[in-house]
Every structure is written in structure tokens, then in C-alpha cells.
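Notes follow the structure.
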Amino acid sequence: MQTATAKVPIEPFTGYQKFVIAVLAFLQFTIILDFMIISPLGAVMMPALKMTAAQFGTVVSVYAFSAGGAGLLAAGFADKYDRKKLLLFFYSGFVIGTLLCGLATSYHFLLIARLVTGLFGGVIGSIVFAITTDLFPLEKRGRVMGFVQTAFAAS
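Here it is as C-alpha cells:
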């Protein structure tokens, strides 16, 4: 005996929801791109900033370690604040850190700038997904997360 399952029509996104998805995907894109772009730039940055391969490895790694540490630290207080304000705060810090990376004239300056960028950038992905779960009903959430995660592939 076969049972027929009724197909639930897929409700389209509103204009506001499309805007929110685009913004969240863009934020995710910039975070991932910032993390990924540093490695290919090694051939240019190492001679320009007079870095050794070991120092460049440290510059690449400090972002990941500071992002991980920031994620652990933020887990304790993130739910106490408005997610939009939290996202704006951390993304502003991320942009400032990225700007400092571009202005770096020495290994130590770049190292500190990458550390700052990681501290702020490491929390943004979690906030993006928290906002997704807050704003979208369960039946739309999978599609939204799929759209937001396409930013990872695009970067």
C-alpha cells in the first residue's frame, strides 16, 4: 500500500528576506575571502615585508588561532546582545583589521593586524547563522543557509 505525501508549495522569499540573505552571504564571502587571499599573496608579501617563510606561516596561522579563540570567548556573551549590533561591531572591527593589514609596512605590524582581523572575523560566521535561525522559519532555513554558504565556494 502506498501513501501519497502532499507536496507543500515552496513559499517565495519576500524582498526584505532576499536583501537579508544577500547581506549575510556578502559578509560571509568577505570573511572567507580575507582568510583565503593571504596564502597566494605570500610570493609578493614576503619580499616586500622582508619575511621568512616561517614568519609568513605565522602570519597565516595567527588569523585562524585568534578567530578560534574569539569564537570560544564570544560564546559566553553573544546571546546577551542584539545580534544586529553585535554583527555591526564585529564586522567594523574586521574591516579595520583588514585595512591595517593593507597598511602594514613590517612583519610585526602585519602580524598584529592579522590577529585583530581574526579576533573580529572569527565571530562573524556564528552571528550570521544565529541571525539566519532567528529570522527565517524552519521550512526556509535550509535554503537560506545554502545561499549563505555559497559565499564560501564563491570566495
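Note that the numbering used here has the sequence shown beginning at 1421, numbered continuously upward. Even for Gly, the Cβ is constructed at its ideal location relative to N, Cα and C.
Taking 8 Å as the upper bound for CB-CB distance, Phe-1514 and Thr-1478 are not in contact here, some 20 Å apart. Ranked by Cα distance from Ala-1474, the first of Leu-1493, Ala-1495, Gly-1491 and Tyr-1527 is Tyr-1527. Runs of the beta strand (DSSP E) spanning 3 or more residues and lying entirely within the stretch 1441-1514 do not occur at all.
For Glu-1559, the enclosing alpha helix (DSSP H) begins and ends at 1558-1574.
Of the residues assessed, Gly-1541 falls on the buried side of the cut-off, its CB having 16 or more other CB atoms within 10 angstroms. Looking from the CA of Leu-1539, the closest CA among Ala-1524, Leu-1508, Gly-1489 and Val-1564 belongs to Gly-1489. When DSSP states are grouped into helix, strand and coil, Ser-1526 belongs to the coil group. In this structure, Val-1568 sits away from Ala-1494, with a CB-CB distance that is not shorter than 7 Å. Classified as buried, Ile-1451 has 16 or more neighbouring CB atoms from the shown chains inside 10 Å of its CB. Taking 7 Å as the cut-off, the Cβ atoms of Val-1464 and Leu-1531 do not count as close. In the three-state reduction of the DSSP assignment, Ile-1430 falls in the coil class. Around the CB of Thr-1518, 16 or more other CB atoms lie within 10 Å, so the residue is classed as buried. The straight-line gap separating the alpha-carbon atoms of Arg-1563 and Ala-1574 is approximately 17 Å.
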